[in-house]
Every structure is written in C-alpha cells, then in structure tokens.
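Worksheet: the structure to be examined is printed underneath.
Number of protein chains: 2
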Amino acid sequence: MQNNPNNAIGVFDSGVGGLTVVRALMERLPFENIIYFGDTARVPYGVKSVETISHYTREIAEFLLQKEVKLLIIACNTMASVASQVVKDLSPVPVLDVIDAGALGAIAATTRRQVGVIGTPTTINSNAYARAIHQYEPDVRIFSQACPLFVPLVEEGWLDHQVTRLTAQEYLKPVLAQDVDTLVLGCTHYPLLKPLLQEVAGPGVKLVDSAEAMAEETAALLGELKLANPQRGRPDYQFYVTDVPLRFQTIGERFLGRTLSNVHVVKW
Amino acid sequence: MQNNPNNAIGVFDSGVGGLTVVRALMERLPFENIIYFGDTARVPYGVKSVETISHYTREIAEFLLQKEVKLLIIACNTMASVASQVVKDLSPVPVLDVIDAGALGAIAATTRRQVGVIGTPTTINSNAYARAIHQYEPDVRIFSQACPLFVPLVEEGWLDHQVTRLTAQEYLKPVLAQDVDTLVLGCTHYPLLKPLLQEVAGPGVKLVDSAEAMAEETAALLGELKLANPQRGRPDYQFYVTDVPLRFQTIGERFLGRTLSNVHVVKW
Chain A
1206 MQNNPNNAIG VFDSGVGGLT VVRALMERLP FENIIYFGDT ARVPYGVKSV
1256 ETISHYTREI AEFLLQKEVK LLIIACNTMA SVASQVVKDL SPVPVLDVID
1306 AGALGAIAAT TRRQVGVIGT PTTINSNAYA RAIHQYEPDV RIFSQACPLF
1356 VPLVEEGWLD HQVTRLTAQE YLKPVLAQDV DTLVLGCTHY PLLKPLLQEV
1406 AGPGVKLVDS AEAMAEETAA LLGELKLANP QRGRPDYQFY VTDVPLRFQT
1456 IGERFLGRTL SNVHVVKW
Chain B
1206 MQNNPNNAIG VFDSGVGGLT VVRALMERLP FENIIYFGDT ARVPYGVKSV
1256 ETISHYTREI AEFLLQKEVK LLIIACNTMA SVASQVVKDL SPVPVLDVID
1306 AGALGAIAAT TRRQVGVIGT PTTINSNAYA RAIHQYEPDV RIFSQACPLF
1356 VPLVEEGWLD HQVTRLTAQE YLKPVLAQDV DTLVLGCTHY PLLKPLLQEV
1406 AGPGVKLVDS AEAMAEETAA LLGELKLANP QRGRPDYQFY VTDVPLRFQT
1456 IGERFLGRTL SNVHVVKW
C-alpha cells in the first residue's frame, strides 16, 4: 500500500546535489523515512537529450515506486524542467519538484515583484523557473543568470573562499543591478553557498533556497494528505547510487551535513 | 589502404578538449587532413568504469578506422590512461596518446629531474603521467596536483581573469614549493591557461603543453614512417560529435582558435 504514512519519501537527482534537499527534509521533517536515488554513473543530465532524460527519469521513478514510497520528490532541476510530467503520469503517489517549490518560495518572498534566478546554464536556458513563477504570478519580473562555476566551486569545497566570493560578485552584478528583492537559488548545489551569496547580495535581497522551499512544501502536503509519519522513532535513511565516483563520500557528506551511510550501488 | 600519406590523422576525445591537440597539429603540420571525434553526448568519461570507457574507446577508434585514417591520436587523458592498449590491439595504424606525449615532453624539458604534473582529479588519481615518465626515466621525482576548477574556468572563458589567477596560485603552491623545474599540463583544456600558468609558476618553470608535445611527436612519427602528406593544398578538417551541447560552438572555437565548421552529429 503506497499511501501508507509509514512509508518513506523518495527523493531523486542525477547526482549528489539532491542531498541538500534530503538535508532540508531531515531538518524540517525529522520523523520521515527517506530513500534517495542519485544517478551518479550518468550525471550530468544537462547535456543529454529530452528523450534520454525522460527515459532515465522514468527508470528512477519506477525504482523508487517499487520501494513503496509515499511521495516522489524530483530534486534535480534538469529532470524537473523536462520530465516532471513523465513522473506525474506514471506515479500513483504525489509528485513534487524542486522548480515548482522554488517558484512558490519566490512568490511568497518577493515584495516588489522583482525576482532574480540563478542556476546552471541548462536550467537557465530552459527558462523553467520563469515559466513556473509566471504560471502563478504573470506580472513578476524575472532576471536570470547562469552561474556555471558554482557547481565545481561547491564540489571543490570552496564555500567561503575568496575565489568563490569574486566569482559570485561577477555573476550577481547584472542581476543585482536590476534591483531584485528576491534571489532564487535554482540549483541543488547552491544552498551550500548561501552565507556567501547573502553577503554578496546584501541584506536587502531575500534568498530562496529551493531545498528549504521543498521541505516546506513537503511538510504542507503531508499534513494536507494526512501522510505524515506518526511514528516518533529514529527514521531510516537509505541512499542508492548508480556509481561511487571519486570523492563521493566527502562531497556527499558536505551536501548532507552529516555522515553518509547505508549507501547501495545499483548497477544498471 | 590505410597507410596512404594522403589519408587523414584521426584525433579523438571524450569532448571538446582534444581540439587543443587539433589546433597544435594544424599549426605544426599545416598540410595534414584531420578527422576529429568528440563523444560530447557521453562526456565526462572520468566518472565511468574501466569497462565502459574501454567499450566507448573501441567504438570511436573503429569509427575513425573506417574513415581510413593513417594514424590515431588519443587526445583524452582518461582514455589514454585506461584504454590505450585497447586501441593499440585493434588498430592496424600507429596509435599515439596524449599522456605518452606529455611524458616525453617532460623528460626532454627537465634539467633537475623535478617535475610537477597537473590534471583533473581522475587523471591525477590514475597516476598515469607518473607511470609514463618513470617508464622512460625512473629517477625523475614527480609532484602531482589535481586542479578540478581549471576545466570549468576554461569552459567559462575566464582565461585571464583574477578568479583564475587566484585559483592557480592556490593549486600550484604545493607543487612550486617542491622546487620543480618543469610543469606538465596534463589535461587537454589547460593549454588555454598557459600564459596565466606561466605567470603564476614564474620564469624558472618550463611548461609542457601536451598538445604541443603531441604535435611534435606526430611530426616525428610521420617523418619516420614516411607518412607525411606530400600534398600542399588546403587540408580538409572534419569534426564528428555525438551531441551538440550548449555553447558547443563558442567553446569549441575557443579551443580550436578558429572557426569550427564541418561539424557532423553521429547518433549512437
């Protein structure tokens, strides 16, 4: 029975980035069991065709549904922008995605309806955040900026480094020049840069962390559907990956903010 | 007939990086026809298993051999480090690889037998440069340093940027502290950073650019085997890729140093 409140939440991403969503879920919903799937053998998805991404997305969603998850969370901007309908069409359980969560977070945060969105080149080029925000609020003005160096900087662990600060100043300059009041961190890697980005953006700009926005949306949905886990024991966390790349443990733990155990390798 | 001097040189890489080798070949051997293959749909190879890399490498080598190339150049550090024997075993024409070329270049350049090697984490972890250098000269001391941010910085085009300079200072510090006299640029992206790296390393360190080293080795081999193209017309350049990713044209032209035309997409 898949809508059993005791079942786990299924979270998936093309790699390790989605672990920031898991971290936010662990903090916001400390009694929920979580199963994570990271397609580390086939990352990055950004350069692949829509057909390929849809095919991979379906495979992962089916894998998690077989584990009887009660909710599916697409914690990957690329999959969310091109294949979220594929997941919704096949899933008997509710599906949330990180772009929708970020869009709702931006709408809740903005006061002057001037919103900046930063992400990888693939996400920014897909225009998915702008579409999602405009679906709810057509008159919000959106200023987007691709920040291709942020993912490698986060993976290098230079979270409070002068190189990262200079890079952020350069990337954010055109967005800040548009006098935005809200900045959406449209990539699952970016929550780790939040203190530095807040410093560069200044106190007048609210940062919308899509991992936190997702945890809020999840909490609301579980409450609404009466699917929150009533058990108050130590929750179970399981991590499935398709490969264990170089520095996986180090990077994964940085994203998760705690020890990464129960890692299983799925060979496809 | 594959050992016809009029035939093209086949050069391959997992992505666009190998275009720096093509550029060096164009400059050093201006009458040679070149066929390039970049597996842009499946890049990066660094995170894949040896079996998968060997399988892909074989596919690409066979594709180029069907085009009747007279020489195969493995312009990819990952393929060179794990699958160069696979190519040598199947190829009826000579095979050169970028690691061997860089190793020979380092041996020719070093005076005090203190050599630094920089590359991606995968290349550095494979220890392939050290093995190749020690095969020729066992008493050379080698100091390696992975520089994971250099590839994204090059792809961003920040070739003479303060961010890149600070990053290089940080990465090179431990290698320079070992008083190396030679530094091997063990990644096909790095030749674009050569002026900046020379500035950071200082005038006392000779940089070995593996693209140039490869062009030298190719020129020597073609002379030796009497395979140099005797024709003095405008050579033919053909580029095969498995996908045309975002910013491919811009990045490709930066690597090649000229307009990128005759690009064909191969669907596998």
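Taken in order, these protein sequences are the chains called A and B.
Under my numbering, the final residue of the first sequence carries the number 1473; numbering is consecutive throughout.
Under my numbering, the final residue of the second sequence carries the number 1473; numbering is consecutive throughout.
Built from N, CA and C at the ideal position, the CB exists for glycine as well.
Indicate the three-state DSSP secondary structure (helix, strand or coil) for residue i in the structure shown.
| i | result |
| --- | --- |
| A:Q1290 | helix |
| B:G1362 | coil |
| B:A1266 | helix |
| B:H1339 | helix |
| A:H1260 | helix |
| A:A1425 | helix |
| B:D1305 | helix |
| B:A1229 | helix |
| A:A1351 | strand |
| A:K1378 | helix |
| A:T1387 | strand |
| B:K1253 | coil |
| A:G1462 | coil |
| A:L1277 | strand |
| A:L1432 | coil |
| A:L1412 | strand |
| B:Q1407 | Reading off the sequence shown, one finds Gly at residue 1407 of chain B, where the question assumed Gln. Three-state result, B:G1407: coil. |
| A:R1247 | coil |
| B:R1370 | helix |
| A:F1453 | helix |
| B:V1356 | helix |
Compute the beta-carbon to beta-carbon distance between residue i and residue j, rounded to the nearest angstrom, for a pair I have assumed lies under 8 Å.
| i | j | result |
| --- | --- | --- |
| B:T1527 | B:S1259 | Residue 1527 of chain B falls outside the range modelled here, since chain B spans only 1206 to 1473, and no answer is possible. |
| A:P1326 | A:A1351 | 4 Å |
| B:V1356 | B:C1392 | 7 Å |
| B:V1322 | B:V1389 | 5 Å |
| A:A1420 | A:L1402 | That belief does not hold up - the Cβ atoms of A:A1420 and A:L1402 are roughly 19 Å apart, past 8 Å. |
| A:T1225 | A:L1397 | 7 Å |
| B:G1220 | B:T1245 | 6 Å |
| A:F1236 | A:Q1436 | 6 Å |
Can you check whether the C-beta of residue i is within less than 8 Å of a C-beta belonging to chain B?
| i | result |
| --- | --- |
| A:R1452 | yes |
| A:V1322 | no |
| A:V1255 | no |
| A:V1221 | no |
| A:V1405 | no |
| A:P1353 | yes |
| A:V1410 | no |
| A:V1227 | no |
| A:V1252 | yes |
Give me the Cα-Cα distance between residue i and residue j, rounded to the nearest whole angstrom.
| i | j | result |
| --- | --- | --- |
| A:Q1290 | A:L1270 | 16 Å |
| B:A1234 | B:L1301 | It is worth fixing the name first, because residue 1234 of chain B is Leu in this sequence and not Ala. The straight-line gap from Cα to Cα measures roughly 16 Å. |
| A:G1243 | A:R1459 | 15 Å |
| A:R1247 | B:E1256 | 15 Å |
| B:L1364 | A:D1365 | 23 Å |
| B:M1284 | B:D1218 | 8 Å |
| B:L1468 | A:G1409 | Reading off the sequence shown, one finds Val at residue 1468 of chain B, where the question assumed Leu. Approximately 47 Å between the Cα atoms of the pair. |
| B:K1275 | B:R1336 | 28 Å |
| A:F1268 | B:G1324 | 37 Å |
| A:A1313 | A:Y1334 | 14 Å |
| B:K1472 | B:I1265 | 12 Å |
| A:A1306 | B:S1254 | 35 Å |
| A:K1272 | B:E1360 | 40 Å |
| B:Y1250 | B:I1304 | 16 Å |
| B:V1292 | A:S1296 | 45 Å |
| A:K1431 | A:A1425 | 10 Å |
| B:L1354 | A:D1448 | 22 Å |
Does any C-beta atom of chain A lie closer than 8 Å to the C-beta of residue i?
| i | result |
| --- | --- |
| B:L1465 | no |
| B:T1327 | yes |
| B:D1448 | yes |
| B:L1295 | no |
| B:V1470 | no |
| B:S1372 | In the sequence under discussion, the amino acid at residue 1372 of chain B is Thr, which differs from the Ser named in the question. Yes, B:T1372 lies at the interface with chain A (some Cβ there is under 8 Å from its Cβ). |
| B:V1413 | no |
| B:V1368 | yes |
Of all Cβ atoms in chain D, is any one closer than 8 Å to the Cβ of residue i?
| i | result |
| --- | --- |
| A:I1323 | No chain D is present in this structure, whose protein chains are A and B. |
Please identify, using Cβ separations under 9 Å, the residues of the segment 1355 to 1366 of chain A that lie next to chain B, in order along the chain.
Within the segment 1355 to 1366 of chain A, the residues whose Cβ lies closer than 9 Å to some Cβ of chain B are V1356, P1357, L1358, E1360, E1361, W1363, H1366, listed in chain order.
Mind checking the segment 1327 to 1351 of chain B against chain A and listing, in chain order, the residues whose C-beta falls within less than 7 Å of any C-beta there?
Answer in chain order: T1327, N1330.
Using a Cβ-Cβ cut-off of less than 9 Å, give me the residues of the segment 1379 to 1392 of chain B that come near chain A, in sequence order.
Listed by position, the residues of the segment 1379 to 1392 of chain B near chain A (Cβ gap below 9 Å) amount to none.
The segment 1274 to 1308 of chain B: which residues have C-beta closer than 8 Å to a C-beta of chain A, in chain order?
Taking 8 Å as the Cβ-Cβ cut-off against chain A, none of the residues of the segment 1274 to 1308 of chain B qualify.
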